[in-house]
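Per this note's numbering, the sequence shown starts with residue 41, numbered consecutively. The structure under discussion appears below in the form of structure tokens.
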Amino acid sequence: MMMKEKRELTCIGCPMGCNLFVTIEDGKVIEVKGNTCIKGKTYAQKECTNPTRIVTSSVKVKNGELNMVSVKTQQDIPKDKIMDCIKELKDVEVEAPIQEGDIIIKNVAGTGIDIIATKNISRVV
């Protein structure tokens, strides 16, 4: 017996914010309506079958001009790994200087994706 599901999403692929109407059958997207560009169809398929997100946060800095540095995942990670990612970041402290793009955590939560710094922090002695 085939399982059919209908979902309604708001696309975040471009600034239009189209209302998408998605039909899923046996875990596969079979129809997307409401999108005005190809990004809508791509977003709907990904969101309904393998949702991912970019995670942003901050970590402590030792001996820096600021005591925190903003960080993010280098790419989006599976949505179900977000909390594991946040737990790994919780107690991280890095030593200044830090350059934008420096790897803060390699392979966060076993995703194969690194956490990187998003700004420069100079060292203060």
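Ideal Cβ placement from N, Cα and C applies to all residues, glycine included. All figures in this text were calculated on a predicted structure; none of them were measured in a lab.
query	result
Rounded to whole angstroms, what's the CA-CA distance from Lys112 to Val62? Just pull it up for me.	30 Å
Where does the unbroken beta strand (DSSP E) through Met108 begin, and where does it stop?	108 to 113
Counting along the chain, where does the alpha helix (DSSP H) carrying Val122 start and finish?	The residue asked about is misnamed: residue 122 is Ile in this sequence, not Val. Taken as a continuous stretch (DSSP letters only), the alpha helix (DSSP H) holding Ile122 covers 122 to 129.
CA-CA distance, Ala84 and Ser97?	26 Å
What are the partner residues of Ala157, as DSSP defines its beta bridges?	Val111
Check whether the Cβ atoms of Lys81 and Asn90 lie closer than 9 Å to each other.	no
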